[in-house]
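J.: Residues in the sequence shown are numbered consecutively from 435, following the working numbering.
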Amino acid sequence: MTTKLGTRTSYSKLSTWLRCPRKYRLRYVDDAPEERTAVALVFGTAIHEACELFFEGLKVGAPPSSDEVHGAFHRAFTDSVKLAEDMHVPMDWGKTNQTDMIEKGEAMIAVFLDEVDRGIRVVGTEVPFEFEIAPDRTVNGVIDLILDEGNGRYRVVDIKTAASTYGPDRIDYDQQPTVYLAAAEYLCGAYGKVDFEYWLLLKTKKPQFKIIPVVRDANDRVELIQTIDDVETARQHGVYPRIRGFMCAGCEYRDCCGQKGGRP
Numbered sequence: 435m436t437t438k439l440g441t442r443t444s445y446s447k448l449s450t451w452l453r454c455p456r457k458y459r460l461r462y463v464d465d466a467p468e469e470r471t472a473v474a475l476v477f478g479t480a481i482h483e484a485c486e487l488f489f490e491g492l493k494v495g496a497p498p499s500s501d502e503v504h505g506a507f508h509r510a511f512t513d514s515v516k517l518a519e520d521m522h523v524p525m526d527w528g529k530t531n532q533t534d535m536i537e538k539g540e541a542m543i544a545v546f547l548d549e550v551d552r553g554i555r556v557v558g559t560e561v562p563f564e565f566e567i568a569p570d571r572t573v574n575g576v577i578d579l580i581l582d583e584g585n586g587r588y589r590v591v592d593i594k595t596a597a598s599t600y601g602p603d604r605i606d607y608d609q610q611p612t613v614y615l616a617a618a619e620y621l622c623g624a625y626g627k628v629d630f631e632y633w634l635l636l637k638t639k640k641p642q643f644k645i646i647p648v649v650r651d652a653n654d655r656v657e658l659i660q661t662i663d664d665v666e667t668a669r670q671h672g673v674y675p676r677i678r679g680f681m682c683a684g685c686e687y688r689d690c691c692g693q694k695g696g697r698p
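Following this line, the structure appears as structure tokens:
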């Protein structure tokens with residue numbers, strides 16, 4: 435979006451356009467109503483809420499019990515499912531169901547609680563940011579977790595749920611670490627002294643907890659700014675092509691978007 439202050443965007447908007455410009459248009463331009471609720475989104479949000487409860491407890495020196503963390507997940511998930519039903523935006527369960535997803539979430543949280551480092555020093559959770567990544571280009575968003583590493587260094591953590599671990603392309607080219615590293619440097623006043631990690635909770639048959647460090651440099655920052663400019667140029671010219679692929683099956687707008695070759 436362009437304002438009198440220049441381009442304003444968020445990582446969520448940027449990544450949505452890069453994955454599917456048509457979905458971007460339906461969500462952010464047309465404000466189209468969602469036709470269904472993606473189970474992966476509800477599940478991931480519930481896991482985040484449980485993890486946030488745990489980290490906030492560590493921050494104040496009173497970590498919650500295992501039952502409390504599990505309870506936070508269960509409440510968040512079931513409440514979101516009920517809300518989707520009440521709002522007539524039904525859950526898109528695909529090949530799973532509510533019981534299976536709750537069991538999977540409970541198993542993933544158990545692995546997380548067993549393996550997470552309880553000696554970390556939490557600066558903040560769900561930390562909002564807004565800053566100029568370049569003149570007239572403002573980026574906003576929310577960082578899952580910021581940790582104090584001592585000696586003026588910090589660590590940014592983004593918590594993800596995924597079906598499998600990330601491959602080298604995702605690690606090398608995903609622009610989320612670039613955005614969040616720049617944001618944390620701005621928030622903490624620690625330029626060049628922030629590290630980034632993905633903390634993955636894998637929805638495999640036997641759940642796994644993996645930590646993936648990611649490194650970015652000045653060239654990645656330049657590429658991010660170029661991408662922001664390119665997306666803004668396309669948006670100004672009304673360029674919103676469909677990107678057909680596996681994600682269409684779970685898209686909240688697949689009916690409105692139309693069948694292959696059709697028009698909404």
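Note that the Cβ used here is the ideal one computed from N, Cα and C, for glycine as well.
Have a look at residue 438 and residue 667 and give me their C-alpha separation to the nearest angstrom.
T.: Since pLDDT at residue 438 reaches only 41, below the 50 mark, its modelled position is unreliable, and the value read off the structure follows with that caveat. Distance between the alpha carbons of residue 438 and residue 667: 16 Å.
J.: Do residue 547 and residue 503 have their CB atoms nearer than 8 Å?
T.: Contact flag set, yes.
J.: State yes or no: is the C-beta of residue 477 within less than 8 Å of the C-beta of residue 595?
T.: Taking 8 Å as the Cβ cut-off, residue 477 and residue 595 qualify as a contacting pair.
J.: Out of 539, 663 and 549, which one is the CA nearest neighbour of residue 483?
T.: Closest option to residue 483, Cα to Cα, is 539.
J.: What does the alpha-carbon distance come out to for the pair residue 444 and residue 575?
T.: Between residue 444 and residue 575, the C-alpha separation is close to 6 Å.
J.: Quick one: give me the first and last residue of the alpha helix (DSSP H) that residue 653 is part of.
T.: Where residue 653 is concerned, the enclosing alpha helix (DSSP H) stretches over 652-670.
J.: By a C-beta neighbour count over all protein chains shown, 10 Å radius and 16 as the cutoff for buried, is residue 598 buried or exposed?
T.: Counting Cβ neighbours within 10 Å, residue 598 comes out exposed, since fewer than 16 surround it.
J.: Any idea what DSSP makes of residue 578, helix, strand or coil?
T.: Strand.
J.: Evaluate residue 455 with the Cβ neighbour count: other Cβ atoms within 10 Å of its Cβ, from every protein chain shown; 16 or more gives buried, anything less gives exposed.
T.: By the neighbour-count rule (16 or more Cβ atoms within 10 Å), residue 455 is buried.
J.: Which full runs of the beta strand (DSSP E) of 3+ residues lie inside the stretch 620-651, going along the chain?
T.: Complete beta strand (DSSP E) runs here, min 3: 628-636 and 642-648.
J.: What span of residues does the beta strand (DSSP E) with residue 688 cover, start to end?
T.: Note, residue 688: premise wrong, no beta strand (DSSP E); alpha helix (DSSP H) at 688-691.
J.: Run through the DSSP bridge pairs and tell me what residue 472 is partnered with.
T.: The partner list for residue 472 (beta bridge, DSSP) reads 526.
J.: Would you kindly work out how many angstroms separate the C-alpha atoms of residue 553 and residue 678, rounded to a whole number?
T.: Distance between the alpha carbons of residue 553 and residue 678: 44 Å.
J.: Taking residue 691 as the reference, give the member of 676, 563, 532 and 565 with the closest Cα.
T.: Here the closest residue by C-alpha is 676.
J.: Taking only beta-carbon positions, decide if residue 486 is within less than 8 Å of chain B.
T.: As a matter of chain content, chain B is missing from the structure shown, which is built from one protein chain.
J.: What does the Cβ neighbour count give for residue 533, buried or exposed, with the cut at 16 atoms within 10 Å?
T.: Label assigned to residue 533: exposed.
J.: Using only the heavy atoms of the ligand FAD, determine whether one of them is closer than 7 Å to the beta carbon of residue 455.
T.: What this structure holds is no ligand at all, so the ligand FAD is not there to describe.
J.: If we ignore side chains and look at the alpha-carbon of each, how far apart do residue 579 and residue 561 end up?
T.: Going by the C-alpha atoms only, they are around 7 Å apart.
J.: Which whole-angstrom value is the C-beta distance of residue 549 and residue 680, which I expect to be below 8 Å?
T.: Not confirmed; about 30 Å, so no contact.
J.: Determine the direct distance from the alpha carbon of residue 498 to that of residue 506, and round the result to whole angstroms.
T.: Spanning the two alpha carbons is a distance of roughly 10 Å.
J.: From this set, 567, 685, 630 and 608, which residue's C-alpha is nearest residue 588's C-alpha?
T.: Answer by Cα proximity: 630.
J.: Do residue 466 and residue 684 have their C-beta atoms within less than 8 Å of each other?
T.: No. Outside cutoff.
J.: Mind checking who residue 443 pairs with in its DSSP beta bridge?
T.: Its beta-bridge partners are 573.
J.: List the whole-angstrom C-beta distance separating residue 665 from residue 527, where the pair is believed to meet the contact cut-off of C-beta under 8 Å.
T.: About 33 Å; that fails the 8 Å criterion.
J.: Look at the alpha carbon of residue 662 and the alpha carbon of residue 656, and state the distance between them as a whole number of angstroms.
T.: C-alpha separation (whole angstroms): 10 Å.
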